[in-house]
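Undergrad:
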Amino acid sequence: MAKYEDVFLPDEFYYDHKDHLWAKIEGGKVRVGLDMFGQKAAGTAAYVKLLPVGKPATKGRSFGSLEAGKYIGPLKAPVNGKIIEVNQEVIAEPRMVNTDPYGKGWFVVIEPSNLEKDLEDLVQGALHIQTWLEKEYKEYKEKGLFAEEEKK
Amino acid sequence: MQRKRRNRGKCSADLQVCQAGLKTCATGLDFQRFTVNMQNKIVFYAPGLKRYETSEFKQLTPENFLPISVTGTYCALDCDHCKRQLLRFMRPATTPGKLLETCREAVKRGTRGVLISGGCDLRGSVPLEDFFPALSYIKNRLGLKVFVHTGLVGNTQALGLKKASVDAVLIDIIGSDETIKEVYHLEAGVAHYQAALRFLTQHEVSIMPHIVLGLHYGKLRGEETALDLVSQYRLKALVIVILTPLLGTPMEAVRPPSCKEVGDFFKKARGRLPATPIILGCARPMGEYKQEVDRLAIDAGLDGIAFPSEGAVSYARERGLEVVFMESCCGLELPSPCLI
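Chains A and B, in that order, give the protein sequences. If you count the first sequence from 1, position 59 lands on 59 in our numbering, and the numbers rise without skipping. If you count the second sequence from 1, position 147 lands on 147 in our numbering, and the numbers rise without skipping.
(1) What are the complete alpha helix (DSSP H) segments, minimum 4 residues, inside the stretch 243-308 of chain B?
(2) Cβ of A2 (chain A) less than 8 angstroms from any chain B Cβ?
(3) Beta carbons nearer than 7 angstroms to chain A: which residues of the stretch 282-297 of chain B have them?
(4) Among residues of its own chain, excluding the 5 on either side of V262 (chain B), which ones have a beta-carbon nearer than 7 angstroms to its beta-carbon?
(5) Where does the unbroken alpha helix (DSSP H) through W132 (chain A) begin, and where does it stop?
(6) For the stretch 108-121 of chain A, which residues have a beta carbon sitting closer than 8 angstroms to at least one beta carbon of chain B?
(7) Which of the three DSSP states is assigned to K18 (chain A) in this structure?
(8) For the alpha helix (DSSP H) holding F8 (chain A), just list the boundary residues, first then last.
(9) Taking its Cβ as the centre, do 16 or more other Cβ atoms sit within 10 Å of S65 (chain A), making it buried, or is it exposed?
(10) If we ignore side chains and look at the alpha-carbon of each, how far apart do L339 (chain B) and K55 (chain A) end up?
(11) When burial is assigned at 16 or more other CB atoms within 10 Å of the CB, is N80 (chain A) buried or exposed?
(12) How about S258 (chain B) and K236 (chain B): are their beta carbons less than 8 angstroms apart?
(13) Three or more C-beta pairs under 8 angstroms: does that hold for the stretch 213-233 of chain B against the stretch 104-113 of chain B?
(14) Got a sec? Which residues, its chain only, sit under 6 angstroms from D6 (chain A) by beta carbon, not counting five neighbours each side?
(15) So which residues of chain A does F89 (chain B) contact, with C-beta pairs closer than 8 angstroms?
(16) Using beta-carbon positions only, say whether Y45 (chain B) and G304 (chain B) come within less than 8 angstroms of one another.
(17) Using CA coordinates, which residue listed in A:A41, A:P10 and A:A45 is at the minimum distance from P245 (chain B)?
(18) Tell me, please, which residues DSSP counts as bridged to A68 (chain A).
(19) So what's P52 (chain A) in DSSP terms, helix, strand or just coil?
(20) Run down chain A in chain order and give the residues with a C-beta less than 8 angstroms from the C-beta of R109 (chain B).
(21) How is the alpha helix (DSSP H) around D118 (chain A) delimited, first residue to last?
(22) Could you compute how far the alpha carbon of Q291 (chain B) sits from the alpha carbon of L127 (chain A)?
(23) In terms of residue numbering, what span does the beta strand (DSSP E) encompassing H210 (chain B) cover?
(24) To which residues does DSSP link L238 (chain B) through a beta bridge?
(25) Quick one, which of B:H185, B:A283, B:K163 and B:P209 has its alpha-carbon nearest A76 (chain B)'s?
(26) What residues of chain A sit near N51 (chain B), judged by a beta carbon separation below 7 angstroms?
(27) Should R91 (chain B) and T73 (chain B) be called a contact, given that it needs their Cβ atoms to be closer than 8 angstroms?
(28) Counting only Cβ pairs nearer than 7 angstroms, list the residues of chain B close to Y47 (chain A).
(29) Under a Cβ-count criterion, where at least 16 other Cβ atoms within 10 Å of its own Cβ denotes burial, should A26 (chain B) be classed as buried or exposed?
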């Protein structure tokens with residue numbers, strides 16, 4: 001488990017380096033969610049919209065959208081394929097994105113069409129994840145992209 | 001109504017301008033879009049308060065506009081709709097020195113404007129007095145646009161803001177004594193807000209009053225009175241926002257005012273302030289509610305929308321409006337190259 005400050009990233013997941021969506025491989029299928037870093041930067045999720053089951057997912061293109069305290073924007077697919085499962089619970093209760101980002105807060109499951117190639121540019125492996133997390137954290141902190149608490 | 005919408009913009013040759021600045025159509029169709037400069041235009045804003053992207057408008061430089069709290073996350077009022085939640089999303093700078101340091105760093109990163117905000121003291125004022133020299137420096141030496149949330153202001157504060165040359169004061173105007181007491185927990189009345197507008201006007205400080213629809217636990221109480229109040233003054237712009245129930249506040253389960261109530265208020269505001277820019281501000285509930293409200297704002301002829309919902313831009317274009325994008329706080333003129 002990679003850890004920096006108050007953010008944890010499981011080693012066994014793959015991560016989109018820009019949008020902080022995680023991809024978890026489950027028997028050849030890919031479950032997708034927003035990592036802890038991403039939800040910390042986005043703030044409290046208030047609205048989640050997802051494409052329905054059966055729709056194609058295109059790597060780097062939107063499969064839904066998120067509206068949160070500090071983010072309004074698309075959720076971009078980490079892999080190509082077809083959406084085979086949609087988390088209706090997170091649509092009904094968007095805050096799960098914050099309270100359980102690696103559990104109940106997932107968005108969709110994608111049946112990948114070119115998994116091996118699509119995983120190539122995702123951040124993976126304990127060392128890389130740790131290095132990337134630290135770099136990202138420092139950059140976000142410097143730019144003020146996290147909701148900051150006053151330092152006493 | 002549908003006919004009016006479909007025809008909007010199609011018979012501009014027939015447009016006439018009445019004395020109040022309203023565009024009317026010789027064919028009898030009601031053309032409600034107008035501003036003081038008579039342009040058939042709407043501005044969409046994406047200030048740096050949050051990262052923002054839709055298929056129609058993408059914010060390219062989130063650091064363009066920076067919100068700063070001079071009290072950090074402290075607020076003496078602890079209002080029921082906020083409970084200091086909104087302060088968490090601002091950069092803390094609790095001394096003039098820290099404020100200058102924050103702004104100098106921001107300038108290096110390309111920031112072009114700041115929103116100076118903060119929690120209120122027990123009198124309902126953001127404690128800005130110690131910051132006036134710093135505000136002047138930020139405006140005049142660093143070259144940043146400076147917008148200020150003030151809360152209630154007296155004569156001295158209004159004069160200080162004038163001397164600091166701030167670009168505009170943003171002040172929530174509440175038109176109900178009950179709301180002031182029960183939601184803001186403030187021992188003040190509507191008259192205090194009227195006095196604040198008067199002091200700011202006397203010292204020729206640009207005012208962008210905000211009216212929060214549904215502030216009284218989702219109910220409309222003093223909004224029309226607030227509209228009456230602000231209509232008596234010359235405004236840089238009127239900003240309308242809508243109660244957004246926030247988690248962790250006593251209003252988290254409150255239902256915001258209905259879209260019909262909101263749409264009706266837009267029309268009233270447009271009618272009362274035909275020559276004043278009216279902007280739908282950042283704060284409003286998200287999702288489908290927001291999409292509907294944005295369409296109502298366009299239909300009512302509002303001049304700008306902050307963080308437009310998906311589809312709002314194309315809806316405006318369908319109605320023949322020229323669309324302008326700005327990566328700034330509403331009212332701040334920072335032309336952006338982010339046209340899609």
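Backbone N, C-alpha and C define an ideal beta-carbon position, used for all residues, glycine too.
TA: Per the coordinate set shown:
(1) Fully enclosed alpha helix (DSSP H) runs of 4 or longer: 259-272 and 288-300.
(2) Start at 1 with the first residue of the first sequence, and residue 2 (chain A) comes out as number 2. Output row for A2 (chain A): interface = no.
(3) For the stretch 282-297 of chain B, which is checked against every Cβ of chain A, the residues closer than 7 angstroms are M286 and G287.
(4) Sequence index remark: in the second sequence, residue 262 (chain B) carries index 262 (1-based). Within the same chain, L213, I242, V293 and L296 come within 7 angstroms of V262 (chain B) by CB-CB distance, once the 5 residues on both sides are set aside.
(5) Along the first sequence, one-based indexing puts residue 132 (chain A) at 132. W132 (chain A) -> alpha helix (DSSP H) spans A126 to K143.
(6) Answer in chain order: no residues at all.
(7) To locate residue 18 (chain A), count along the first sequence from 1; it is residue 18. K18 (chain A) sits in coil when the DSSP states are folded into three classes, being neither helix nor strand.
(8) The residue labelled residue 8 (chain A) in the question sits at position 8 within the first sequence. Not the alpha helix (DSSP H): F8 (chain A) falls in the beta strand (DSSP E), residues V7 to L9.
(9) Here residue 65 (chain A) is taken as the residue at index 65 of the first sequence, counted from 1. S65 (chain A) comes out buried.
(10) Here residue 339 (chain B) is taken as the residue at index 339 of the second sequence, counted from 1. Here residue 55 (chain A) is taken as the residue at index 55 of the first sequence, counted from 1. Here L339 (chain B) scores only 34 on pLDDT, less than 50, and its place in the model is too uncertain to base an answer on.
(11) Residue numbering aside, residue 80 (chain A) sits at position 80 when the first sequence is read from its first letter. By the 16-neighbour rule on beta-carbons within 10 angstroms, N80 (chain A) is buried.
(12) Looking up residue 258 (chain B) in the second sequence gives position 258. Looking up residue 236 (chain B) in the second sequence gives position 236. It is not a contact, given that the beta carbons lie outside the stated cut-off.
(13) Between the stretch 213-233 of chain B and the stretch 104-113 of chain B, the count of Cβ pairs shorter than 8 angstroms is below three; the stretches do not touch.
(14) Locating residue 6 (chain A) in the first sequence gives position 6, where the first residue counts as 1. The answer is none, since no qualifying residue turns up.
(15) The residue labelled residue 89 (chain B) in the question sits at position 89 within the second sequence. What F89 (chain B) touches in chain A: G43, G69, K70 and A147.
(16) Locating residue 45 (chain B) in the second sequence gives position 45, counting from the first residue. Locating residue 304 (chain B) in the second sequence gives position 304, counting from the first residue. Yes, Cβ-Cβ distance for Y45 (chain B) and G304 (chain B) is below 8 angstroms.
(17) Translated into the one-based positions of the second sequence, residue 245 (chain B) becomes position 245. Considering only alpha carbons, the answer is A:A45.
(18) Along the first sequence, read from residue 1 onward, the residue named residue 68 (chain A) stands at position 68. A:A45 and A:Y71, per the DSSP bridge assignment.
(19) Taking the first sequence and counting its residues from 1, one reaches residue 52 (chain A) at position 52. In this structure, P52 (chain A) counts as coil in the three-state DSSP scheme.
(20) Taking the first residue of the second sequence as position 1, residue 109 (chain B) is located at position 109. Against R109 (chain B), the close residues of chain A are K143, in the order they occur along the chain (beta-carbon pairs closer than 8 angstroms).
(21) Translated into positions along the first sequence, residue 118 (chain A) becomes position 118. That run of the alpha helix (DSSP H) goes L115 to L119.
(22) Along the second sequence, read from residue 1 onward, the residue named residue 291 (chain B) stands at position 291. Along the first sequence, read from residue 1 onward, the residue named residue 127 (chain A) stands at position 127. Their Cα atoms are separated by approximately 43 angstroms.
(23) Numbered from its first residue, the second sequence carries residue 210 (chain B) at position 210. It spans I207 to L213 - the beta strand (DSSP E) in which H210 (chain B) sits, taken as one unbroken run.
(24) Along the second sequence, read from residue 1 onward, the residue named residue 238 (chain B) stands at position 238. B:I278, per the DSSP bridge assignment.
(25) Residue mapping note: residue 76 (chain B) aligns to position 76 of the second sequence, counting from 1. Taking each of B:H185, B:A283, B:K163 and B:P209 in turn and checking the Cα distance to A76 (chain B), the smallest one comes out for B:H185.
(26) Translated into positions along the second sequence, residue 51 (chain B) becomes position 51. A small correction: the amino acid at residue 51 (chain B) is Arg; Asn does not occupy that position in the sequence shown. Neighbours of R51 (chain B) in chain A, taken as residues whose beta carbon is under 7 angstroms from its own, are K70, Y71 and G73 in chain order.
(27) Numbered from its first residue, the second sequence carries residue 91 (chain B) at position 91. Numbered from its first residue, the second sequence carries residue 73 (chain B) at position 73. Going by C-beta atoms, R91 (chain B) is not nearer than 8 angstroms to T73 (chain B).
(28) Indexing the first sequence from 1 puts residue 47 (chain A) at position 47. Neighbours of Y47 (chain A) on chain B, chain order: M286 and G287.
(29) As a working mapping, residue 26 (chain B) is identified with position 26 in the second sequence. Reliability of the predicted coordinates at A26 (chain B) is poor, the pLDDT of 29 falling under 50, and the value obtained from them is presented with this limitation in mind. Answer is exposed; the Cβ neighbour count stays below 16.
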